[in-house]
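Okay, so here's the structure we're looking at.
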Amino acid sequence: LLVFGLAAVLQCWGFLHVTNANAAVTQTAGHKVPSVPLITDSEGSSVTDAQETHAHETHAKHVSATSAEIHKMMADYQDEKEKVKSGYGSIIEAHDTLTKLLSKEPKIAKCHPPRLHMLDKCVCPAGSNWDGSACTQTLGEMFFYMYRAQSDHNYAMGNVDMADLAGVMYYLHHEIVKNNATPGVRMNGITRILRFLVSMRPSPELASQMKIFMPFVAFDEGRCSVPGCNKLWDHYGFAVGCQKQGASTGFAYSSSQDSSGAWFSLPGACPALSVGDKDRGCMQKYPGGGCSDLSVSPTCTYSIKYAGEIFLDELAGIQDFAKWQRQGNLEYDEVKDRGVGTSFWDFRGSAAWCTRRMHRVRSLLKAKYPLLPEDLPAPSCF
Numbered sequence: 022l023l024v025f026g027l028a029a030v031l032q033c034w035g036f037l038h039v040t041n042a043n044a045a046v047t048q049t050a051g052h053k054v055p056s057v058p059l060i061t062d063s064e065g066s067s068v069t070d071a072q073e074t075h076a077h078e079t080h081a082k083h084v085s086a087t088s089a090e091i092h093k094m095m096a097d098y099q100d101e102k103e104k105v106k107s108g109y110g111s112i113i114e115a116h117d118t119l120t121k122l123l124s125k126e127p128k129i130a131k132c133h134p135p136r137l138h139m140l141d142k143c144v145c146p147a148g149s150n151w152d153g154s155a156c157t158q159t160l161g162e163m164f165f166y167m168y169r170a171q172s173d174h175n176y177a178m179g180n181v182d183m184a185d186l187a188g189v190m191y192y193l194h195h196e197i198v199k200n201n202a203t204p205g206v207r208m209n210g211i212t213r214i215l216r217f218l219v220s221m222r223p224s225p226e227l228a229s230q231m232k233i234f235m236p237f238v239a240f241d242e243g244r245c246s247v248p249g250c251n252k253l254w255d256h257y258g259f260a261v262g263c264q265k266q267g268a269s270t271g272f273a274y275s276s277s278q279d280s281s282g283a284w285f286s287l288p289g290a291c292p293a294l295s296v297g298d299k300d301r302g303c304m305q306k307y308p309g310g311g312c313s314d315l316s317v318s319p320t321c322t323y324s325i326k327y328a329g330e331i332f333l334d335e336l337a338g339i340q341d342f343a344k345w346q347r348q349g350n351l352e353y354d355e356v357k358d359r360g361v362g363t364s365f366w367d368f369r370g371s372a373a374w375c376t377r378r379m380h381r382v383r384s385l386l387k388a389k390y391p392l393l394p395e396d397l398p399a400p401s402c403f
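Position one of the sequence shown corresponds to residue 22 (our numbering), numbered consecutively onward.
Here you go:
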């Protein structure tokens, strides 16, 4: 506990650094992560039947374990500190949070769309509740996954922007993998995709307007970069912001709720000032919307739990990015719409290829973290 308490403090100041970009934390000691195939030809590729069976069997075995057994497995693993590569720790808190959120849902053996099957429960997508015959819109508490492309450095998840999976894949494809100005380093130092379980609710100000989200705001170094930010919080409360991604991007990434993906903004303490400029007075006046649990405060609008990560190298099947690049390879050439030495990021406008890339992200996360559902779709921006 002392180790991870110190880690939590250091995260807030960005001092922790991932030491091995090819070995993210798995859930239990000795758990072998099944390989997930790459997209290698014009038809793409999918997880083999044997790999899918292994993943499902592993998931069933872990889900059937008691809470005490799960905690013991995590404690045993965390004792091996030299194997812990991620400063955000384990996903056990996300699993416990999800279990609590689903505790009132009845166990149903068979689940029919649009409801989702998770942890032996049948649940409506975020932003809706089951009324006995259908999933209907709600403005209450909801939960879903958010994703973030980030460097090896870790810091608190407040005053940041995130996305659904379609949004983060667009960002990587459009901004990151095509640019390698610094040899051996991707644009902005991005090395991985982080996944978070986010519990949220609209602020009272938004609920009175029958809305879930406030307008999206961009954050830069912990500071809202939109003019007149404090007026936004006064009007909307410290609500999560959302923005649909434009449909005319030329990229074919899509999500079930917002066809081209979405971006989210999460206002933390003193959101109008940069990290080094925040002071006690500002943080007290503008406490932000983040908290450990939504029941803590009426001004709390979101709670975030780490739910795993994958590295861009493993996503594209690259062993040593710097060495690979020195050999003349390139992840993506936007003019040719192809890579050199890899085909993973080829064909940005192909729905089939973009869908396969998103499937690989989910498959890798599922293989590493079988305790958590493969997908928890975000609600539509409204």
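Glycine included, every Cβ here is placed at the ideal spot set by N, Cα and C.
Residues in the same chain with beta-carbon distance under 7 Å from residue i, minus the five sequence neighbours each way, listed in chain order, please.
i	result
Phe368	Asp358 and Trp374
Leu315	Glu162, Ser220, Arg222, Cys321 and Ser324
Gly205	Phe342, Ala343 and Gln346
Cys132	His138 and Cys143
Would you report the Cα separation of residue i and residue j, rounded to the nearest angstrom?
i	j	result
Gly262	Ile233	9 Å
Leu351	Asn201	8 Å
Ala130	Met167	27 Å
Leu392	His116	7 Å
Arg169	Asp182	8 Å
Phe272	Val198	14 Å
Ile112	Gln171	18 Å
Gly267	Ser275	11 Å
His256	Phe403	16 Å
Gln158	Glu355	40 Å
Ser280	Ala388	27 Å
Ser154	Gly148	16 Å
Ala372	His380	12 Å
Ser224	Pro248	21 Å
Glu134	Ile214	The residue you asked about is not Glu; residue 134 is Pro in the sequence shown. Cα to Cα, the separation comes out at about 28 Å.
Gln230	Gln264	17 Å
Tyr109	Gly297	22 Å
Asn43	Tyr390	Below a pLDDT of 50, predicted positions are generally treated as unreliable, and Asn43, at 33, falls in that range; no measurement from the model is reported.
Gly370	Arg301	48 Å
Leu227	Thr203	44 Å
Whose CA, out of the options, lies closest to the CA of residue i?
i	options	result
Ala400	His256, Ser246 and Cys156	One detail in the question is off: residue 400 reads as Pro in this sequence, not Ala. Considering only alpha carbons, the answer is Cys156.
His174	Pro134, His194, Asn209 and His195	Asn209
Met304	Arg207, Gly153 and Gly243	Gly243
Ser313	Ala337, Ala147, Ala177 and Ser154	Ala177
Phe259	Leu386, Tyr307, Met231 and Ser384	Tyr307
Cys291	Gly309, Ser277 and Gly297	Gly309
Leu218	Glu226, Leu119, Pro134 and Ala337	Leu119
Gly338	Ser154, Arg378, Ser246 and Met235	Arg378
Ser277	Lys125, Tyr390, Thr376 and His133	Thr376
With the cut-off set at 8 Å, would you say residue i and residue j are in Cβ contact?
i	j	result
Leu186	Val382	yes
Gly289	Gly188	no
Ala184	Phe332	no
Met139	Pro394	yes
Tyr353	Thr270	no
Arg216	Gly311	no
Phe165	Leu397	yes
Leu123	Lys142	yes
Ala283	Cys250	no
Leu385	Glu335	yes
His195	Trp366	no
Under a three-way DSSP split, which group does residue i fall into?
i	result
Gln266	coil
His133	coil
Ala170	strand
Ser384	helix
Trp151	strand
Leu336	helix
Cys303	helix
Thr118	helix
Trp284	strand
Cys375	helix
Phe217	strand
Ile233	coil
Lys344	helix
Glu226	helix
Gly210	helix
Quick check: does the Cβ of residue i come within less than 7 Å of any heavy atom belonging to the ligand MN?
i	result
Gln264	The model depicted lacks the ligand MN and carries no ligand whatsoever.
Keeping to the same chain, check which residues put their C-beta closer than 6 Å to that of residue i; ignore five residues upstream and five downstream.
i	result
Thr69	Annotation note: pLDDT 37 at Thr69 (below 50); position unreliable, coordinate value reported separately. Here the set comprises nothing.
Glu114	Lys326
Cys145	Arg136, Trp151 and Cys156
Ser295	Glu242, Gly243 and Arg244
Val361	Asn350 and Leu351
Arg207	Ile197
Suppose the cutoff is 8 Å on Cβ atoms and the five residues either side in sequence are ignored; what does the same chain contact list for residue i look like?
i	result
Pro127	Lys142 and Cys143
Ser246	Val238, Ala239 and Phe240
Asn348	A small fix is needed here, since residue 348 is Gln in this sequence, not Asn. Cβ within range, chain order: Gly362.
Lys299	Gly243, Ala290 and Cys291
Ile211	Ala170, Gln171, Ser172, Leu193, Ile197 and Leu333
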